Amino acid sequence: MMAVTGQFMILYVIAHVLGNYTIFAGAINAYAEGLRHWPYTIILWSSRTLLLISVFLHTWYGIILKLENRKAKPETYALTRYRSASLAGRTMVWSGLLIALFLIFHLLHFTFQVIEPGIAATAHPDALGRPDVLTMVVGSFQRAGIAALYVVGVLGLGLHLYHGIESSIQTEGLNNDRTLPVVVRTGMAISVVLFLMYAAIPVSILMGILK
Amino acid sequence: MILDGKIPSGPLPEKWDLRRAEMKLVNPANKRKYRIIVIGAGLAGSSAAASLGELGYNVDVFFFQDSPRRAHSIAAQGGINAAKNYPNDGDSVERLFHDTIKGGDFRSREANVYRLAQLSCGIIDQAVAQGVPFARDYAGYLGTRSFGGAQVSRTFYARGQTGQQLLLGAYGALLRQVKLGTVNLHPRTEMLDLVVVNGEAKGVIVRDLVTGAIGSFAADAVCLCSGGYANVFFLTTNSIGSSVNATWRAYKRGAFFANPCFTQIHPTCIPVTGEHQAKLTLMSESLRNDGRVWVPKLKGDQRSPEEIPESERDYFLERRYPSYGNLAARDVSSRAAKEVCDQGRGVGPGGRGVYLDFADAIRRLGADTIRERYGNLFEMYERITDENAYNRPMRIYPAPHYTMGGLWVDYNLESNVRGLFVLGEANFSDHGANRLGASALMQGLADGYFILPYTIANYLAETKPGVITTHFSEFIQSREEVSAFTNKLLSVKGKRTPAEFHRELGKLMWNNVGMTRSEASLKEALQKIPALREEFWQNVLVAGAGMKLNQELERAGRVADLLEFGELLTRDALQRDESCGAHFRVEHRTPDGEAVRNDKDFSYVSAWGYQGDGREPELHKEPLAFENVDLAVRSYK
Amino acid sequence: MNLTLYVWRQEDRNDKGRLVQYEARDISRDVSFLEMLDIVNEGLVKKGDDPISFDSDCREGICGMCGQVVNGVAHGPRKKTTVCQLHMRHFKDGDTLYIEPFRARAFPVIKDLIVDRTAMEKIIESGGYISVHTGGVPDGNAVLIAKRDADAAMDAAECIGCGACIAACPNGSAMLFTAAKVSHLAMLPQGRIEAGSRVCVMTEEMLKQGFGNCSNHYECEAVCPKGIKVRFIAKLYREFIKAKGNL
Chain A
1 MMAVTGQFMI LYVIAHVLGN YTIFAGAINA YAEGLRHWPY TIILWSSRTL
51 LLISVFLHTW YGIILKLENR KAKPETYALT RYRSASLAGR TMVWSGLLIA
101 LFLIFHLLHF TFQVIEPGIA ATAHPDALGR PDVLTMVVGS FQRAGIAALY
151 VVGVLGLGLH LYHGIESSIQ TEGLNNDRTL PVVVRTGMAI SVVLFLMYAA
201 IPVSILMGIL K
Chain B
1001 MILDGKIPSG PLPEKWDLRR AEMKLVNPAN KRKYRIIVIG AGLAGSSAAA
1051 SLGELGYNVD VFFFQDSPRR AHSIAAQGGI NAAKNYPNDG DSVERLFHDT
1101 IKGGDFRSRE ANVYRLAQLS CGIIDQAVAQ GVPFARDYAG YLGTRSFGGA
1151 QVSRTFYARG QTGQQLLLGA YGALLRQVKL GTVNLHPRTE MLDLVVVNGE
1201 AKGVIVRDLV TGAIGSFAAD AVCLCSGGYA NVFFLTTNSI GSSVNATWRA
1251 YKRGAFFANP CFTQIHPTCI PVTGEHQAKL TLMSESLRND GRVWVPKLKG
1301 DQRSPEEIPE SERDYFLERR YPSYGNLAAR DVSSRAAKEV CDQGRGVGPG
1351 GRGVYLDFAD AIRRLGADTI RERYGNLFEM YERITDENAY NRPMRIYPAP
1401 HYTMGGLWVD YNLESNVRGL FVLGEANFSD HGANRLGASA LMQGLADGYF
1451 ILPYTIANYL AETKPGVITT HFSEFIQSRE EVSAFTNKLL SVKGKRTPAE
1501 FHRELGKLMW NNVGMTRSEA SLKEALQKIP ALREEFWQNV LVAGAGMKLN
1551 QELERAGRVA DLLEFGELLT RDALQRDESC GAHFRVEHRT PDGEAVRNDK
1601 DFSYVSAWGY QGDGREPELH KEPLAFENVD LAVRSYK
Chain C
2001 MNLTLYVWRQ EDRNDKGRLV QYEARDISRD VSFLEMLDIV NEGLVKKGDD
2051 PISFDSDCRE GICGMCGQVV NGVAHGPRKK TTVCQLHMRH FKDGDTLYIE
2101 PFRARAFPVI KDLIVDRTAM EKIIESGGYI SVHTGGVPDG NAVLIAKRDA
2151 DAAMDAAECI GCGACIAACP NGSAMLFTAA KVSHLAMLPQ GRIEAGSRVC
2201 VMTEEMLKQG FGNCSNHYEC EAVCPKGIKV RFIAKLYREF IKAKGNL
């Protein structure tokens, strides 16, 4: 369950970053507008619904697993030395929690637009009544605090996926000796790329590359 | 007393069928009324308990490890023999029988050995059905390899872990019965006495190794599957916990101990390195298939092996035994190694080692093939010695490994004490004076799967179930004796640890009653063992208390028994004034050092009866009749 | 060489337990780790102290009886090696060693370094076998098995059941142990028939015995003295999904 919901969210995250990159082409407003129209709006809303369910299940099972695992290992060693477990793997709960907090902020910020109502996209529609996403995003990320917050948030995401991608494939039983190392490395690479891609938006705005 | 092995009449190939036909059965509905105790959970114990449980008997299994899967059968590496003749190289039941009788130097019972050869094929089938992953060829057929003492390829194997895989197969069958409720496991429990009521074995006294509690268990029959006694030599390939306890206590309750002097020294072990070594490690004799054994021709040659040219090497097994070469029987190979080392041509620290060289095989077959066949053995060798056997020959030396002797049993595996059955290495029956490689697994499983389930029914059918309980005075008395024994060990509070006594006994046995024996060395041992035993009871230091987990106490109890048993072993070696198989008396050898048997005077099984502490045991004899084989001089030349 | 040891001492199940310092003097490079403990114990006995209790039997790395955590790693620093086969040449003079029992909720400490591993047995008992009777089986060559399958089954069957995988798992999970048995039998035609029910009952029993869940850290594989691969865990998942799909 963790694996399946996780993988769905990974797909969403990938689609999301690709969508976001319309900002570099100056087309983010058109992209946002497109999402509001048939047939894209169906995709948007069905994926949002599934995402919501996934987030809920993923968190729920994650907590249960963590509790069960804690119970199964009540005492630790005086000296603990890991031979293969990565930092990312051992901190899944914490990176998960970070992502959850970030997600709440992100929704309030860009979706419900209550953090900075002054530059909210819906507050500045163009002549045809289309919201101005570009201004909102650029305006926000010109502020270092917000940009830093986003970088930290997507860092949590990257860390989570660093272990999560390969782990989910293993748990679905899709590995053998040959594929396992490939999957592990690919998972790590994808997570790093996603982190860099996401982080690039606030960073490039902050540095004034993107206006 | 002349013992009767109760061998069925009729032609050899039909004896087992005849016996099965004449034996009584227990009504299926009545089986659950019987309780059977099994001591030991190795191949013999697990296979017997699983099979008995499946038939519907109630079975209690006692073993000192924490799981049946740890019994020392697990350490057997090389393989298991079966007369399948899959490779079409001329094998047959007849030939396996012949090889085993000859390998045992004509000191085993024809009928038992023949039955073993007959049952061998069924064992492979059983194991395959259990999911034992035997080696297969590319077409999917079972693979075989050759082994010492045979000129056909009849040894089935699962890499270098055949014993492990067979034991795990039997263990699975056993746990299946545990789940079905027919078998009760008693882990971390050691048998300390056999309870005999009216001349029949009816229960055991055990010590719970975790709590220290002494417990009594009654049953309608008792099966001892407790393995061998090689640990009397201290440094052996046996496990730390292996001991003579169970069989020795049964002996003291009246069961005869047969052929204790037949102890096998395995030729391919890793040499001793130092004083504090706890045990020796064996490497499968299958290595001799591709490895060539040699020493330098020169005495005290200190050059490293690769510097010694071919012309200055003595491939002594190939030289002395051209037809079997490096695959000569175990006892023959071991003694040959000892002789070259005694001549000062041994290699490695202390000069107690010979080379086992794979260079030729690697040249011929490639390193990958060798890795495929023996990879885990090479790894094991490297872990222990820090040397890479792909580049440099292994060093090996013989070490005590297996004991052919054991409690005397008749053809039905029943001891002279009625209701006491003895299986596997714990009995004496099938290997005579020397066991061939890959035959121990075969015997343990034949006894447990295919012999005991029939023969025990014959006994139980004449027994009313559940009559004897632990309230009988024999149980109460035996329990008190066991408690007194434990307390006595704890109360000496001397200066030397059980381990020190064990080491000293081992050295004495190895030097005087080891690979070669003489009248003088044996008589000396007969003087020294009682003295050491005396000192043990004056000066042993056992730490801790009785009513808790106490590994020192366990050790002390085992050593105390070995100190008594060693004397019996030596006495048996002294009375057998001939050389046969693994028993080599220097007085009886040919000019070129081969064993000389004396069939006229010693073609019998010696079975010793306990007469009380401090009194000489009584020697009983079971004459061996050979009607189907010629008593030939055993030769591997 | 000389070593400083911190050894876990615990009287019995209910005792709290603590690390106690010992000195190991004049240890040869060629003795095994357990022989080193034997030497320390002999010294303790002579001084009238209670020797350190630890499990061992075959001392050749196959019975799976021994096992301790040495400096935070189950079976110590050398790969694919049990403590009985770990030689002191892999340590340095003056080293400090922390020696602790295998820890997991399913492994209560019996005394010192000895733990109760009955929970592992319960997993096998629940269905880790082929339900075959003694006798009445077909010839060994009646069912052919591709060499590749026989070899793969053997790779899994090599498990010695020592419990190091569980001790090393941050979650105290018995997944590698269970997966090895499930895979071994599922890869053989004889074992296929019960493969579905086997994987279900064994995993259920595993959780019932108090073992944790697998979160793919692969610590188990790293410490396994037999090098059992985590690919068998993936195999277990496949078998599980297959079995649930067939219900």
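Protein chains in written order, with our numbering: chain A, 1 to 211; chain B, 1001 to 1637; chain C, 2001 to 2247.
No residue lacks a Cβ here, since even glycine has one placed at the ideal position from N, Cα and C.
Bear in mind the structure is a predicted one, so any value in this text is a computation, not a measurement.
{"Query": "Residues of its chain near Met2036 of chain C, where Cβ-Cβ distance is below 8 Å and the 5 sequence neighbours each way are ignored", "Result": "Leu2003, Ala2024, Ile2027, Met2088"}
{"Query": "Spatial distance of Glu75 of chain A from Ala2104 of chain C (CA atoms)", "Result": "7 Å"}
{"Query": "Where Ala2074 of chain C meets chain B, residues with beta-carbon distance less than 8 Å", "Result": "Here the premise fails: no neighbours, minimum Cβ distance about 17 Å."}
{"Query": "Close Cβ partners of Val1542 of chain B (< 6 Å) along its chain, the five nearest in sequence each way excluded", "Result": "Leu1489, Leu1490, Glu1552, Leu1553, Ala1556"}
{"Query": "Whole-Å CB distance - Ile1039 of chain B paired with Ala1246 of chain B, under 8 Å assumed", "Result": "5 Å"}
{"Query": "Delimiting residues of the beta strand (DSSP E) encompassing Asp1208 of chain B", "Result": "1200 to 1208"}
{"Query": "Beta carbon of Ala1029 of chain B nearer than 8 Å to that of Gly1045 of chain B", "Result": "no"}
{"Query": "Chain-ordered neighbours of His2217 of chain C on chain A, where CB pairs are closer than 8 Å", "Result": "Tyr82, Ser84, Ala85, Ser86, Gly89, Arg90"}
{"Query": "Stretch pair the segment 1425 to 1443 of chain B + the segment 1377 to 1397 of chain B: three plus CB contacts closer than 8 Å", "Result": "no"}
{"Query": "Proximity of Glu1622 of chain B and Tyr1604 of chain B at Cβ, strictly below 8 Å", "Result": "yes"}
{"Query": "Beta-carbon proximity of Gln1164 of chain B to Ile1074 of chain B, cut-off 8 Å", "Result": "yes"}
{"Query": "DSSP three-state assignment for Glu2100 of chain C, whether helix, strand or coil", "Result": "strand"}
{"Query": "Beta carbon proximity, Pro2051 of chain C to chain E, threshold 8 Å", "Result": "Chain labels in this structure do not include chain E; the protein chains are A, B and C."}
{"Query": "Within chain C, the residues that Ala1158 of chain B reaches when beta carbons sit closer than 8 Å", "Result": "Met2154, Ala2157"}
{"Query": "Boundaries of the beta strand (DSSP E) in which Thr1263 of chain B is found, first to last residue", "Result": "1263 to 1269"}
{"Query": "Residue-chain proximity (Phe2211 of chain C, chain A), Cβ-Cβ < 8 Å", "Result": "yes"}
{"Query": "C-beta contact flag for Gly1212 of chain B and Gly1546 of chain B at 8 Å", "Result": "yes"}
{"Query": "Beta-carbon proximity list for Asp1089 of chain B, same chain, < 8 Å, skipping 5 on both sides", "Result": "Val1152, Ser1153"}
{"Query": "DSSP three-state assignment for Lys1660 of chain B, whether helix, strand or coil", "Result": "In this structure chain B extends from 1001 to 1637, so residue 1660 of chain B is not present and cannot be described."}
{"Query": "Cross-chain neighbours of Ser167 of chain A in chain C, by beta carbon under 8 Å", "Result": "Ser2215, Asn2216"}
{"Query": "CB contact flag (Glu2060 of chain C, Cys2084 of chain C, <8 Å)", "Result": "yes"}
{"Query": "Contact residues within the segment 1118 to 1138 of chain B, judged by C-beta distance below 9 Å to chain C", "Result": "Cys1121, Gly1122, Ile1124, Asp1125, Gln1126, Ala1127, Val1128, Ala1129, Gln1130, Gly1131, Val1132, Pro1133, Phe1134, Ala1135, Arg1136, Asp1137, Tyr1138"}
{"Query": "C-alpha distance - Gly1079 of chain B paired with Arg1159 of chain B, whole-angstrom precision", "Result": "9 Å"}
{"Query": "Same chain, Cβ closer than 8 Å to Gly1419 of chain B, neighbours up to 5 away in sequence not counted", "Result": "Glu1200, Ala1201, Lys1202, Asp1220, Ala1221, Val1222, Tyr1459, Thr1463"}
{"Query": "Under 8 Å from the C-beta of Asp1066 of chain B: neighbouring residues of chain C", "Result": "Asp2055, Met2065, Asp2116, Arg2117, Thr2118"}
{"Query": "Cβ-based neighbour list, Val1195 of chain B, same chain, cut-off 7 Å, excluding 5 preceding and 5 following", "Result": "Lys1202, Gly1203, Val1204, Ile1205, Glu1474, Phe1475, Ser1478"}
{"Query": "Gly145 of chain A and Val192 of chain A closer than 8 Å at C-beta", "Result": "no"}
{"Query": "Within-8 Å CB hit, Tyr2098 of chain C to chain B", "Result": "no"}
{"Query": "Coil, strand or helix - Phe1584 of chain B by DSSP", "Result": "coil"}
{"Query": "Nearest to Ile1007 of chain B (by Cα), restricted to the options B:Glu1110, B:Ala1041, B:Ala1082", "Result": "B:Glu1110"}
{"Query": "At least three beta-carbon pairs within less than 8 Å, the segment 1252 to 1265 of chain B to the segment 1390 to 1405 of chain B", "Result": "yes"}
{"Query": "Continuous alpha helix (DSSP H) stretch holding Lys1488 of chain B: start and end", "Result": "1473 to 1492"}
{"Query": "Burial state of Trp45 of chain A, where buried means 16 or more other Cβ atoms lie within 10 Å", "Result": "exposed"}
{"Query": "Contacts that Arg1070 of chain B makes with chain C (C-beta to C-beta distance below 7 Å)", "Result": "Asp2057, Cys2063, Gly2064, Met2065"}
{"Query": "Glu2005 of chain C: contacting residues in chain A (beta-carbon distance under 8 Å)", "Result": "Correcting the residue type first, residue 2005 of chain C is Leu in the shown sequence and not Glu. Those do not exist, as Leu2005 of chain C stays about 12 Å from chain A at its closest Cβ, beyond 8 Å."}
{"Query": "Cutoff 6 Å; reference Ser1047 of chain B; Cβ partners in own chain excluding five residues on either side", "Result": "Ala1170, Leu1445, Gly1448, Tyr1449"}
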